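Visitor:
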Amino acid sequence: MSSALIDSSARIEAGATIGNNVTIGPFCTIGPHVTIGDGCRLIGHVNVTGHTTIGARTVIYPFA
Numbered sequence: 006m007s008s009a010l011i012d013s014s015a016r017i018e019a020g021a022t023i024g025n026n027v028t029i030g031p032f033c034t035i036g037p038h039v040t041i042g043d044g045c046r047l048i049g050h051v052n053v054t055g056h057t058t059i060g061a062r063t064v065i066y067p068f069a
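Sequential numbering of the sequence shown, starting at 6, is according to this note's numbering.
1. Rounded to a whole number of angstroms, what is the C-alpha to C-alpha distance between G20 and P37?
2. With distances taken Cα to Cα, identify the nearest neighbour of T22 among S13, G44 and I48.
3. Can you check whether the C-beta of G42 is within less than 8 Å of a C-beta belonging to chain D?
4. How many angstroms separate the CA atom of I48 from the CA atom of R16?
5. Helix, strand or coil: how does DSSP classify M6 here?
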């Protein structure tokens, strides 16, 4: 998670993989089996759980 920008209210569980240049907005929740690709943006209030992979440069809007 070296070059990720993560809001202090976001919760990322151990085991999640966060790519480079990722932005995770307020009140996002990322589960332990989630992989987020490089350059993704989770705007806010996004929950990602289960065995999920999000491709590079994807934008996910609030409440998704």
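Glycine residues also receive a C-beta, built at the ideal position from the N, C-alpha and C atoms.
Nothing here was measured: the structure is a model prediction, and the numbers come from that model.
Guide: Working from what's here:
1. 4 Å
2. G44
3. No chain D is present in this structure, which holds just one protein chain.
4. 14 Å
5. Legend: pLDDT at M6 = 45, less than 50; position of this residue unreliable, value from coordinates given subsequently. Coil at M6, not helix or strand.
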